[in-house]
Structures are given as structure tokens and as C-alpha cells.
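Residue numbers (this note's numbering): 10 to 214.
Every residue gets a Cβ at the ideal spot worked out from N, C-alpha and C, and that includes glycine.
Below: one structure, written as C-alpha cells.
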Ligand code: ATP
Ligand code: MG
């Protein structure tokens, strides 16, 4: 069993997340990709972050058409902040013997040293870094291997770090929220069912 995991706030989920997940699933022949929306504490909600329930619903809507994609309740069920290291520990326990691949964009990877127990992350899962335009890949954090599109990958016995420079979608949730405030068309960036959900529930207006 091979499971790729992508965590985030998904406020909202967009085609960049889906493209990254699809590309990792193809490259590594993953059996499943788990999307793990983070819980939003009430104080963040009052400062404008969307409720976990809406963000979760949008992830569920976006992932359902993809056979391998799953929407994980792991972090939202906690009803408090969960660190990635805790989520990966829990995944390791829930799927003993599975190969776990943790997907992260170059933007997040730049600051990975500030994550809780960041060294432990490299023991719990293979790290798969996907390119985000404008955020150079940091080469000094850990030894890594750069992959090429279509190149077959054998997972080594130990955990590794892989960089996939070919997944490049210049889309962010921040841009989508700002475009929505300006009343712009969002359909090129999101699956239609997510756009419909945003409109019906008057999110980001
Ligand atoms: P925001 O602008 O609110 O931070 P975001 O678009 O960065 O939203 P997140 O939910 O923060 O989305 O990201 C979740 C994960 O997906 C992170 O690892 C992030 O690096 C990655 N990611 C987000 N957008 C892209 C993209 N366009 N291409 C590749 N990876 C992405
Ligand atoms: Mg982000």
C-alpha cells in the first residue's frame, strides 16, 4: 500500500493542489492520495479564515471524481491544531507497513525547519516537493533526488526526499480569494463543483 498525503488549509482547494496530487500519484504509482484539511481554531475563523466544515466540503467535492483521492478527517476531527508530525505519526499507526509520501510545495519546504520536530518528518515519510512558481527549491535542508517527468521511481528502503520540478501551476488560494473579492471569474482555477459551492454559500465575497 502506497499513500500520498497532502495537507493544507485548502481555503479553497484549487487545480494546483489537484495537479500536484495527480502528478505525485502517477510518478510514484500511489494507491491513494489523502487530502488532509487543517482544523481552523475559532480565533482564526473570526479573523477571516473559512470554517473547517466549508473547507472540508470543498475538498470532498473536488476529490470525489478522482478514483484515488480521499478526503481525510484526521486533522479536522481533532478540533484543535495538529502538527504535520502528529498527522504522519497517526498515519503510520493506521497504515502499518504502508509507504507514506508527504507532498509539500517549495513555498512550505523553504520554512520546513520551523515545523514542529521537523527532522522527525524525514523519518516518518518520503518527502515529495513540488514546484511552486516564485519559490526556489531549497537544496540545503536534506539530501534529495530530482525527478524527471515519466521517469520510473523505485522507493528505497529508507526514507528519501524527492523534488518534482515539473509540476508547475501558478495558482494560490490567496489569489483566488482576492479575485473573488474583486468579483472576477474563478472557473479556470477551480473544479466547477467547488466554484458552485463557493457561490451558493457566498464564501470569500
Ligand atoms: P494560501 O494562498 O491560502 O496559502 P495555497 O494555495 O498556498 O493557499 P495551501 O492550502 O496553503 O494552498 O497549500 C497546501 C499545500 O499545497 C502546500 O504544501 C502548498 O505548498 C501546496 N500547493 C498549494 N498550491 C500549489 C500549487 N499551485 N502547486 C503546487 N503545490 C501547491
Ligand atoms: Mg499556502
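Exposure of residue 10, with buried meaning 16 or more beta-carbon neighbours within 10 Å: Label assigned to residue 10: exposed.
In chain order, what residues of the same chain have a beta carbon less than 6 Å from the beta carbon of residue 196, not counting five sequence neighbours either side? Closer than 6 Å at the Cβ level, and outside the excluded window around residue 196, lie 204.
CB-CB length for residue 12 against residue 109, believed under 8 Å: Yes, they are in contact, since the Cβ atoms of residue 12 and residue 109 sit about 6 Å apart, within 8 Å.
Given a cut-off of 9 Å on the beta-carbon distance, is the pair residue 82 and residue 72 in contact? Cβ distance not < 9 Å, so residue 82 and residue 72 don't count as in contact.
Which of the three DSSP states is assigned to residue 149 in this structure? Residue 149 falls in the coil class under three-state DSSP.
What does the Cβ neighbour count give for residue 178, buried or exposed, with the cut at 16 atoms within 10 Å? Residue burial is scored here from C-beta neighbours: residue 178 has at least 16 other C-beta atoms within 10 angstroms and is therefore classed as buried.
Residues near residue 19 by beta carbon distance below 6 Å, same chain, minus five either side: Excluding sequence neighbours, residue 19 sits near 46, 64 and 68.
In terms of DSSP beta bridges, what is residue 63 paired with? In DSSP, residue 63 forms no bridge with anything.
Can you tell me whether residue 111 is buried or exposed? The criterion is at least 16 other CB atoms within 10 Å of its CB, across all chains shown. With 16 or more other Cβ atoms within 10 Å, it is buried.
Once DSSP output is grouped into helix, strand and coil, what is the label at residue 129? Helix at residue 129.
Between which two residues does the alpha helix (DSSP H) holding residue 85 run? It is not in any alpha helix (DSSP H) - residue 85 carries neither H nor E in the DSSP assignment.
Can you tell me the Cα-Cα spacing of residue 189 and residue 48, whole angstroms? Cα to Cα, the separation comes out at about 23 Å.
CA-to-CA distance, residue 132 to residue 101, given in whole angstroms: Near 11 Å, if we compare the C-alpha coordinates of residue 132 and residue 101.
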